[in-house]
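Undergrad: Can you read through this structure? Questions will come right after.
In my numbering, the protein residues as written are 791 to 973.
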């Protein structure tokens, strides 16, 4: 920046309205110092007053809108598909091999239970004590299943009445049934 010790070599002619506007920025400085500061500002910022808009905030708002469009397109094209795939994996317990195996084991247990009921019915002449003992055993089994699979214990699926039952819960239930109730 010039110190003001340079000798003026040119005279700049300005209109009275421009002179008044320059005086607003001038404060106590000379016109030479003010003009030097303006030119330095333009050089440092890279701002060219020839292409200046009357409303610089409009340019900023346009850039902000462009950025928002970019972010939305990334959300739509990148993040949303990733989220859907992740949600599909998390909610895809029904597609896991463990789930299919456990459902088969539960069907086997149901079949075994049906066979036991049939045997109890066929043994109608068996002592009443044995029938009551088996009934009590079946009641305990039903209570165990109701307790272990109580829907209030498990997290709910978004926007649904369904609950997510962890595979480990089913594994432990089947193990307990196998140990205590299957002959």
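Built from N, CA and C at the ideal position, the CB exists for glycine as well.
Quantities reported herein were computed from a predicted structural model and do not represent experimental measurements.
Straight-line CA distance for residue 951 to residue 893?
TA: Approximately 21 Å between the Cα atoms of the pair.
Undergrad: Tell me where the alpha helix (DSSP H) around residue 969 begins and ends.
TA: 957 to 970 is the extent of the alpha helix (DSSP H) around residue 969.
Undergrad: Going by the beta-carbon positions, is the gap between residue 899 and residue 967 smaller than 7 Å?
TA: Yes.
Undergrad: Any idea what DSSP makes of residue 803, helix, strand or coil?
TA: Correct three-state label for residue 803: coil.
Undergrad: Which residue comes first and which comes last in the alpha helix (DSSP H) that contains residue 946?
TA: Run containing residue 946: none; DSSP gives neither H nor E here.
Undergrad: Count the other C-beta atoms from every protein chain shown that fall within 10 angstroms of the C-beta of residue 850, then say buried if there are 16 or more, exposed otherwise.
TA: Classification for residue 850: exposed.
Undergrad: Consult DSSP for residue 797 and reduce its assignment to one of helix, strand or coil.
TA: Coil at residue 797, not helix or strand.
Undergrad: Check whether the segment 856 to 869 touches the segment 921 to 930, counting contact only when three or more Cβ pairs, one atom from each stretch, lie closer than 8 Å.
TA: No: fewer than three Cβ pairs fall under 8 Å.
Undergrad: What residue range does the alpha helix (DSSP H) around residue 835 cover?
TA: Element bounds for residue 835: 821 to 835.
Undergrad: Under 7 Å between the Cβ atoms of residue 957 and residue 944?
TA: Taking 7 Å as the Cβ cut-off, residue 957 and residue 944 do not qualify as a contacting pair.
Undergrad: Among 815, 960, 810, which one has its Cα closest to the Cα of residue 890?
TA: Ranking 815, 960, 810 by Cα distance to residue 890 puts 960 first.
Undergrad: Decide if residue 963 is buried, meaning its Cβ has at least 16 other Cβ atoms within 10 Å, or exposed.
TA: Residue 963 comes out buried.
Undergrad: Hey, how far is the Cα of residue 911 from the Cα of residue 895?
TA: Roughly 24 Å between the two C-alpha positions.
Undergrad: Taking C-alpha atoms, which residue in 969, 922, 824 lies nearest to residue 811?
TA: Of the listed residues, the one whose Cα sits closest to residue 811 is 824.
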